[in-house]
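Scroll down for the structure; my scribbles are underneath it.
Number of protein chains: 2
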Amino acid sequence: MEETPKILDEPRCREIGRTCACYNLRRAARSITRLYDDFLRPSGLKTTQFSVLMTAKMRGPVTITKLADLTVTERTTLTRNLTILEKKGLIRIEPGLDRRERQVALTEAGHEALVKAIPLWEMVQEHVEKGLGQDRLVSFLIELREVVALTR
Amino acid sequence: MEETPKILDEPRCREIGRTCACYNLRRAARSITRLYDDFLRPSGLKTTQFSVLMTAKMRGPVTITKLADLTVTERTTLTRNLTILEKKGLIRIEPGLDRRERQVALTEAGHEALVKAIPLWEMVQEHVEKGLGQDRLVSFLIELREVVALTR
DNA sequence: GTCGAATAGGTGTGTATACACTTATTGAAG
DNA sequence: CTTCAATAAGTGTATACACACCTATTCGAC
Numbered sequence: 001m002e003e004t005p006k007i008l009d010e011p012r013c014r015e016i017g018r019t020c021a022c023y024n025l026r027r028a029a030r031s032i033t034r035l036y037d038d039f040l041r042p043s044g045l046k047t048t049q050f051s052v053l054m055t056a057k058m059r060g061p062v063t064i065t066k067l068a069d070l071t072v073t074e075r076t077t078l079t080r081n082l083t084i085l086e087k088k089g090l091i092r093i094e095p096g097l098d099r100r101e102r103q104v105a106l107t108e109a110g111h112e113a114l115v116k117a118i119p120l121w122e123m124v125q126e127h128v129e130k131g132l133g134q135d136r137l138v139s140f141l142i143e144l145r146e147v148v149a150l151t152r
Numbered sequence: 001m002e003e004t005p006k007i008l009d010e011p012r013c014r015e016i017g018r019t020c021a022c023y024n025l026r027r028a029a030r031s032i033t034r035l036y037d038d039f040l041r042p043s044g045l046k047t048t049q050f051s052v053l054m055t056a057k058m059r060g061p062v063t064i065t066k067l068a069d070l071t072v073t074e075r076t077t078l079t080r081n082l083t084i085l086e087k088k089g090l091i092r093i094e095p096g097l098d099r100r101e102r103q104v105a106l107t108e109a110g111h112e113a114l115v116k117a118i119p120l121w122e123m124v125q126e127h128v129e130k131g132l133g134q135d136r137l138v139s140f141l142i143e144l145r146e147v148v149a150l151t152r
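These protein sequences, in sequence, are chains Y and A. Note that the working numbering has the first sequence beginning at 1, numbered continuously upward. Note that the working numbering has the second sequence beginning at 1, numbered continuously upward.
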């Protein structure tokens, strides 16, 4: 009689769900994003926007390709994310060194948004530090970086 | 004279980017998703779809709310993801026990897609296991689960 | 039985993500 | 100087995600 093929039997499926690095990483990312977005809400920034602004601030006027590389985001994704930040008046997108490039720079409003967001970020980050424990957070961050390095 | 406020000085910004659990988690999730999607491509499934199908298969006929809870996905997000799977003919959405509920069940095509995808998943999972090391992957998965637990 | 709270689910809107493809510009080989 | 590969960026399309808000159904107190 026909049965569920071995490859799809119940313990095997359970094992796959339990161990899949991608599924578990995405699941945790969804979960923690809601937490950070929740804390950041009063600043008007979503986590992604906060991160892009911080990176752009740090690396100062920076090309779109470079910013995409730094944040491990598809360049075309970043282009669209930047459009939103530009509409909100938080960044300027200026001509670059040659006529192909465009440089991203924070506006005054962009700086102000960061100044408002950082104390909120500190609250939620501390919450996570306490929850995971300082040591585990450190090794966790290292592992996350190794995952990124895996695919470069 | 006016300077960059202390809260936004360069070392502080660098520190925030380096330690932010949310940013680093999302970044790693983007990175690994591309890897898994790349391997799974011949199956016609994206990672998210693979995961939803696996979970639905395992918990087999299951309500939408329950499935959303299991996968830590917003219910309204899952509804839209399920619509795509239904259009592809991989799942059926049937009436549930009462007239509010709807049950998700795999179709024959859904099973076949999983059977095709699993060997591809095994390849990419093994790649990650080798890259991170078995032990570190195990502790990494535990930490990911703790992150999810943090926000429940 | 009636009514209101709880439960299950969908829709409107906006953001985030990425692949395939295209345009514009630069730079290098000849 | 021309031509062509490389580089920088944008668009079309589709999926993924979630909040605010809505409808339909069920259940329990009365």
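Ideal placement from N, C-alpha and C gives every residue a C-beta, glycine not left out. This structure is a prediction, so every number in the text was calculated from the model and none was measured.
Look at GLU94 (chain A) here: in three-state DSSP terms it is strand. Within 9 Å of the CB of VAL148 (chain A), the CB atoms of chain Y belong to ASN24, ARG27, ALA28, ARG30, SER31 and ILE32, in sequence order along the chain. Within the model, the alpha-carbon separation for ARG59 (chain Y) versus LYS46 (chain Y) is close to 20 Å. Proximity of chain Y to MET58 (chain A) at the Cβ level (cut-off 8 Å) is accounted for by GLU10, CYS13, ARG14 and GLY17, in chain order. The distance from the Cβ of ALA28 (chain A) to that of LEU144 (chain Y) is about 4 Å, consistent with a contact at the 8 Å cut-off. Residues of chain Y whose Cβ lies closer than 7 Å to the Cβ of THR73 (chain A) are, in chain order, ARG30. Against chain A, the beta carbon of ILE91 (chain Y) has no neighbour under 8 Å; the closest one sits roughly 15 Å away.
Scanning the stretch 71 to 142 of chain A for uninterrupted alpha helix (DSSP H) segments of 4 residues or longer gives 75 to 87 and 108 to 132, listed from N- to C-terminal end. Annotation: the continuous alpha helix (DSSP H) that includes ARG59 (chain Y) extends over 47 to 59. Along the stretch 93 to 121 of chain Y, going in chain order, the ones with a CB nearer than 9 Å to a CB of chain A are HIS111, LEU114, VAL115, ILE118, PRO119 and TRP121. Put simply, the CB of ARG41 (chain Y) is far from chain A, with every gap to its CB atoms at 8 Å or more.
Neighbours of LEU132 (chain A) in chain Y, taken as residues at a C-beta separation under 9 Å, are given in chain order as ALA21, GLU143, GLU146, VAL147 and LEU150. In the structure shown, the three-state DSSP call for THR19 (chain A) is helix.
Chain-order list of chain Y residues neighbouring MET54 (chain A): CYS13, ILE16 and GLY17, by C-beta distance under 7 Å.
Contacts between GLN125 (chain Y) and chain A, judged by CB atoms closer than 9 Å, involve ILE16, THR19, CYS20, ALA21 and CYS22 in chain order.
Spatial neighbours of THR63 (chain A) in its own chain (CB-CB distance under 8 Å, excluding positions within 5 residues in sequence) are listed in chain order as GLY96, GLU101, ARG102, GLN103 and VAL104. Using a Cβ-Cβ distance cut-off of 8 Å, the stretch 115 to 128 of chain A and the stretch 76 to 88 of chain A are not in contact, since fewer than three pairs of beta carbons, one from each stretch, lie closer than that value. Cβ neighbours of GLU74 (chain A) within its own chain (closer than 8 Å, five residues either side excluded): ALA68. What ILE7 (chain Y) touches in chain A, judged by beta-carbon distance under 9 Å, is LEU114, VAL115, ILE118 and PRO119, going in chain order. Across the structure, VAL124 (chain A) and GLU112 (chain Y) are spaced so that their CA atoms are roughly 43 Å apart.
In the displayed model, THR65 (chain A) falls within a helix according to three-state DSSP. LEU114 (chain Y) and PHE140 (chain Y) have their C-alpha atoms some 25 Å from each other. The beta carbon of THR55 (chain A) sits closer than 7 Å to those of LEU67, LEU70 and THR71, all from its chain and outside the five residues before and after it, given in chain order.
A distance of 8 Å or more separates the beta carbons of GLY89 (chain Y) and LEU53 (chain Y).
Here LEU40 (chain Y) is actually not in contact with LYS57 (chain A); their C-beta atoms are around 36 Å apart, not less than 8 Å. The residue among A:ARG34, A:ILE32 and A:ASN24 with its C-alpha nearest the C-alpha of ILE32 (chain Y) is A:ASN24. With contacts defined by Cβ atoms closer than 8 Å, LEU132 (chain Y) and GLU146 (chain A) form a contacting pair. For ARG80 (chain A), the closest Cβ of chain Y is not nearer than 8 Å.
Listed along chain A are CYS22, TYR23 and ARG26, each with a C-beta nearer than 8 Å to that of THR47 (chain Y).
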